Amino acid sequence: MIGVLIILGVVVAVVLWYFATYNRFVRLRQQVKNAWAQIDVQLKRRHDLIPNLVNTVKGYAAHERETLSAVTEARAKATSAKTPEEAIEAEGELTRALRQLMLVVENYPNLKADQHFLELMEELRTTENQIAFARQAYNDNVMIFNTAIKRIPDAIVASQMRLKEYPFWEIEEESDREVPEVKF
Amino acid sequence: MKKTFWDIQREKKRAITVLFLIFFPFFTLALVGLFHIIKLTSYGLFLRGATSLELLLFSAGISLIIYYLGVLGAKRDRIIRYLEVLRAQKPDPQDLKHKQVQNVVREMAIAATVPVPEVYVIPVLARNAFSAFNIIAVTEGAISSLDRDELQAVVAHEMAHYVRGDSYYKGVLSTFVMAISLFSSVSLLLAGSNDDRKKGAGGAGLIVLLYLMLVELLTKFINSLISRRMEDLADAMAVQFTRNPLALASALWKISRDRTRGISAFSNPAMASLFIVNPAIRAIDESSGLLGDLFSTHPPVNKRINTMLKLAGASRQQLLDRIAKPKQERDWWVEKDGKWLGPFTLEELMEKTWIGEGSKIRGKEGIITFRDILSKFKQAEGECPRCKGPLFHTYYKNVPLLRCGRCGGIIVREDRVLRLIAREQESITEKEMEYTQGAIDEERGKIYRGGVSPGVVDPSMPLVCPRCGKTMQRRFFNFVTYTPVDYCPKCKLFFFDSGEIEMITAGLKRIDSLYTR
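In the order they appear, the protein sequences are chains F and W.
For the first sequence, the numbering used here assigns the number 1 to the initial residue and increments by one for each residue that follows.
For the second sequence, the numbering used here assigns the number 1001 to the initial residue and increments by one for each residue that follows.
Now the structure itself:
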């Protein structure tokens, strides 16, 4: 009698563990997908912002034509990208062009007292940050997910669910990092 | 190996779980003990014939009821009401600083992969922030004194509480603390009542009272242990979101060095544990002494700062360097009563509302007029109620308002007025303070000589609202500086004569300095 009860208890425990692990993996996978979707949303947001930005800067610094056209071109490339590789490449170029623009604009101290200009800079900054944070959140969630599915005994459930590791979004160059890095 | 923020998170999460697992059995067993004592003493009550099992079930039932009450009490409405009392507002999209807050919240929601919570700004000078449910509130003082990265760090900390749902657990825990405090105050009444003494049961009442006081202390102790772990965890999660521990360190530094500006509504003890730094004046929380270690809801700020510095691999000197203000180009001077004041930045110059058409202004390129500066701004419809001069859309510390091009007076919407005062004007010089104090004393003198009506201080003709054309009311802006201002109740607009904003801010600053000394 007691033996039966013990076996029954073990079976119930295993089933409960299986369900809990299964649900946890579903949640973690959803988080990774969510974070990926956020990157997309933010990139689109940046594309929408650029025409406005270029027009406003033109009003203040018309002779920075070169920098401005670089931004416009990079945007056109990014919006027309077909494959993910092309998109990553074009977005990187756009990021660099925008950063160049922000540097150039620093040379116009009178602009800093102009509220509209400051608002525009804030808008640009938050968009750049949102892209960087979306990427960071994606990578964090990928790390948590990839670690979780390799843990024993949870890995058994993971292989049953046919879960595979997600790739990290690598950053092409060190200067692309918006946020200061943490020393470990 | 050095600890990462992931390690800290793991550590704290485990500690919080363990403490919660201890808390509920502890509370139930404490009640069992209480009923045993009551049963054995002369009170007896209905417990006289109860078995131990019955006492245990009875105690567990009471624990459950308290838990349920806590769940009922942890409501979003209460927070909304609290925000209403504080006159908190949603961020103003026309105000750059407010927009920054809104943006930073969105950024952190992305970093944490959660829906964007609601944001409120509390128009008080105190520097603080809190979160509850899906609400994040930041004070105007924090907004004006923290830079963008610091603001981001503070919001990230609050975002961590939101992700973890800490406000809910804190609410439930505080219900237990309140319940046990209630029990012990009831027993205090019983122990002291005449009726009791006549029956010779005073001794029993005393035992119950002492026992309950002990349980109350222990409950508060465990509660504060959990609350402190939650704060540490939120700090570590904030670093995960921002990857910028130095910014959180300097934000904590700035916030903790500003306690004296607290207002009474902030010291509401039920809300205190929700803030990033305990807002109560002279909170034991921040001391790292024995009392602070045992009962504070927040870890000592210095310890939190040190943890952040360790994560950043930075020294204390690096923190101080970060806090030191960057040198700006200051090449603007303005004449007042035959003396040149300055140097100011252009923004600082625009903050001096005592500058008008007659003021002499000297920039890099020589002497220019007030109109020259204003010509950069868009002209608004209507004319100045004081001097009929033209009005321009300008900003005071990023707060949008109308400025008269002739006398320098300003017109500002009622919902933005408190913000105007709360944005710190660091550029106020000693000289200006002197002038301002003279003006305040003069106004007060008028009040003492001739009653307290604002019309006595400013006997000029009533002004006409530039928007609706109706007569404006004259009233004192506050009862600290007794500055008479004009207000249109229909359009909800305030008119300040040139220099009056400085008078009010300087007056409040002076009162502040009395407390900070």
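Using N, Cα and C, we set each Cβ at its ideal position, and we do this for glycine too.
Note that the structure is predicted; figures quoted are calculated from it, not measured.
Sorted by chain position, which residues of the same chain lie with C-beta nearer than 7 Å to K1220(W)'s C-beta, five sequence neighbours on each side aside?
Here residue 1220(W) is taken as the residue at index 220 of the second sequence, counted from 1. Hits under 7 Å: V1177 and F1295.
Report the three-state DSSP secondary structure of E1381(W) (helix, strand or coil).
Position 381 of the second sequence, counted from the start, is the residue given in the question as residue 1381(W). Three-state result, E1381(W): strand.
So, at 7 Å on beta carbons, what are the nonlocal neighbours of V1105(W) in its own chain, with the 5 sequence-adjacent residues on each side left out?
Your numbering for residue 1105(W) matches position 105 in the second sequence. Within the same chain, V1105(W) has close Cβ partners V1116, P1117, V1119, I1136 and V1155.
Can you tell me where the beta strand (DSSP E) with Q1473(W) in it begins and where it stops?
Residue numbering aside, residue 1473(W) sits at position 473 when the second sequence is read from its first letter. Q1473(W) -> beta strand (DSSP E) spans Q1473 to F1476.
Chain W partners of E119(F), CB-CB under 8 Å?
For the purposes of this step, residue 119(F) is taken as residue 119 along the first sequence, with counting starting at 1. Residues of chain W passing the Cβ test: L1096 and K1099.
Going by Cα to Cα distance, which pick from I1355(W), N1103(W), V1215(W) and W1332(W) is closest to E1365(W)?
Residue numbering aside, residue 1365(W) sits at position 365 when the second sequence is read from its first letter. Considering only alpha carbons, the answer is W1332(W).
Using the rule of at least 16 other Cβ atoms within 10 Å of the residue's Cβ for burial, across every protein chain shown, is E170(F) buried or exposed?
In the first sequence, counting from the first residue as 1, residue 170(F) sits at position 170. Burial call: exposed.
Counting C-beta neighbours from all protein chains within 10 Å, is the total for R1261(W) 16 or more, i.e. buried, or is it exposed?
If you number the second sequence from 1, residue 1261(W) lands on position 261. Because R1261(W) carries a pLDDT of 47, less than 50, the predicted location of this residue cannot be relied on, and the following value inherits that uncertainty. Classification for R1261(W): buried.
If you measure from the beta carbon of D1285(W) to each beta carbon in chain F, is any gap under 9 Å?
Start at 1 with the first residue of the second sequence, and residue 1285(W) comes out as number 285. Interpretation of D1285(W) is limited by its pLDDT of 46, a score under 50 that renders its predicted location unreliable; no figure is taken from the coordinates.
Return helix, strand or coil for S1375(W), following the three-state DSSP convention.
Here residue 1375(W) refers to the residue found at position 375 when the second sequence is read from its first residue. Three-state result, S1375(W): coil.
Could you check whether D114(F) and Y60(F) sit closer than 9 Å to each other, using their CB atoms as the reference points?
If you number the first sequence from 1, residue 60(F) lands on position 60. If you number the first sequence from 1, residue 114(F) lands on position 114. Result yes, Cβ atoms of Y60(F) and D114(F) sit closer than 9 Å.
Chain W beta carbons: is any one of them nearer than 9 Å to that of R125(F)?
In the first sequence, counting from the first residue as 1, residue 125(F) sits at position 125. Output row for R125(F): interface = yes.
K1254(W): which of M1213(W), L1189(W) and A1324(W) sits nearest, CA to CA?
Position 254 of the second sequence, counted from the start, is the residue given in the question as residue 1254(W). Comparing Cα positions, the closest option is A1324(W).
What in chain W is Cβ-close to A81(F), meaning under 9 Å?
To locate residue 81(F), count along the first sequence from 1; it is residue 81. None at all; the shortest Cβ gap to chain W is about 22 Å.
Inspect the beta-carbon positions of L98(F) and L124(F) and report whether they are closer than 9 Å.
Here residue 98(F) corresponds to residue number 98 of the first sequence, with the count starting at 1. Here residue 124(F) corresponds to residue number 124 of the first sequence, with the count starting at 1. Yes, the pair counts as a contact, with Cβ atoms nearer than the cut-off.
Which value, in whole angstroms, describes the spacing of the CA atoms of R1164(W) and I1016(W)?
Numbered from its first residue, the second sequence carries residue 1164(W) at position 164. Numbered from its first residue, the second sequence carries residue 1016(W) at position 16. Between R1164(W) and I1016(W), the C-alpha separation is close to 12 Å.
I need the DSSP call for I1135(W), collapsed to helix, strand or coil.
Counting from one through the second sequence, the residue named residue 1135(W) turns up at place 135. It is a strand residue.
Going by alpha carbons, who is nearest to R1014(W) out of T1242(W), P1459(W), R1229(W) and M1461(W)?
Counting from 1 along the second sequence, the entry for residue 1014(W) is found at position 14. Minimum Cα distance to R1014(W) is reached at R1229(W).
Across which residues does DSSP place H47(F) in a beta bridge pair?
Against the first sequence, residue 47(F) aligns to sequence position 47. Its beta-bridge partners do not exist; DSSP assigns none.
When you compare only the Cα positions, how much space is there between L1209(W) and K1170(W)?
Looking up residue 1209(W) in the second sequence gives position 209. Looking up residue 1170(W) in the second sequence gives position 170. Distance between the alpha carbons of L1209(W) and K1170(W) is about 26 Å.
Please classify T21(F): is it buried, with 16 or more other beta-carbons within 10 angstroms of its beta-carbon, or exposed?
As a position in the first sequence, residue 21(F) is number 21, starting the count at 1. Buried, by the Cβ-count rule.
Bridge partners of Y1396(W), per DSSP?
The sequence position of residue 1396(W) within the second sequence is 396, counting from 1. DSSP, once it has assigned bridges, lists V1399(W) as partnering Y1396(W).
For a contact defined as C-beta to C-beta under 8 Å, what are the partners of Q1240(W) on chain F?
Start at 1 with the first residue of the second sequence, and residue 1240(W) comes out as number 240. Simply D140.
So, with DSSP's three-state summary, where would you put R1304(W)?
Residue mapping note: residue 1304(W) aligns to position 304 of the second sequence, counting from 1. If DSSP states are grouped into helix, strand and coil, R1304(W) belongs with the helices.
Helix, strand or coil, according to DSSP, for L1311(W) in the structure here?
Taking the first residue of the second sequence as position 1, residue 1311(W) is located at position 311. It is helical.
Please list, in chain order, the chain F residues whose beta carbon lies closer than 7 Å to that of A1236(W).
Stepping through the second sequence from its first residue, residue 1236(W) is reached at position 236. Chain F residues near A1236(W): none, gap ~11 Å exceeds 7 Å.
Three or more C-beta pairs closer than 8 Å, one from the stretch 1404 to 1423 of chain W and one from the stretch 1485 to 1499 of chain W: is that the case here?
With a cut-off of 8 Å, the stretch 1485 to 1499 of chain W and the stretch 1404 to 1423 of chain W count as touching, because enough Cβ pairs lie within range.
What residues in the stretch 1125 to 1150 of chain W bring their beta carbon closer than 7 Å to a beta carbon of chain F?
Listed by position along the chain: nothing, the set is empty.
Give the straight-line distance between the Cα atoms of M1(F) and L8(F), rounded to the nearest whole angstrom.
Within the first sequence, residue 1(F) is the residue found at index 1, counting from 1. Within the first sequence, residue 8(F) is the residue found at index 8, counting from 1. Approximately 11 Å between the Cα atoms of the pair.
Following the continuous beta strand (DSSP E) through E1118(W), name the residue where it begins and the one where it ends.
Walking along the second sequence from the start, residue 1118(W) turns up at place 118. Segment E1118 to I1122, the beta strand (DSSP E) holding E1118(W).
Does any residue of chain F have a CB that is nearer than 9 Å to the CB of I1305(W)?
Numbered from 1 along the second sequence, position 305 holds the residue referred to as residue 1305(W). Cβ-Cβ to chain F under 9 Å: no for I1305(W).
I want to see whether chain W comes within less than 9 Å of E122(F), judged by CB atoms only; does it?
Working through the first sequence from its first residue, we reach residue 122(F) at position 122. So, interface residue.
For my contact list, V57(F) and V105(F) are in at a C-beta cut-off of 8 Å; report their separation, rounded to the angstrom.
The residue you call residue 57(F) lines up with position 57 of the first sequence. The residue you call residue 105(F) lines up with position 105 of the first sequence. Their Cβ separation, rounded to whole angstroms, is 7 Å, which keeps V57(F) and V105(F) in contact under 8 Å.
For T970(W) and A1111(W), what's the separation of their Cα atoms in angstroms?
Nothing about residue 970(W) can be read from this structure; chain W reaches only from 1001 to 1517.
Need the endpoints of the beta strand (DSSP E) that F1024(W) sits in, please.
If you number the second sequence from 1, residue 1024(W) lands on position 24. Run containing F1024(W): none in the beta strand (DSSP E); it sits in the alpha helix (DSSP H), F1005 to L1040.
Using Cβ-Cβ distances below 9 Å, what residues of the stretch 1243 to 1257 of chain W are close to chain F?
Listed in sequence order: R1243, N1244, P1245, L1246 and A1247.
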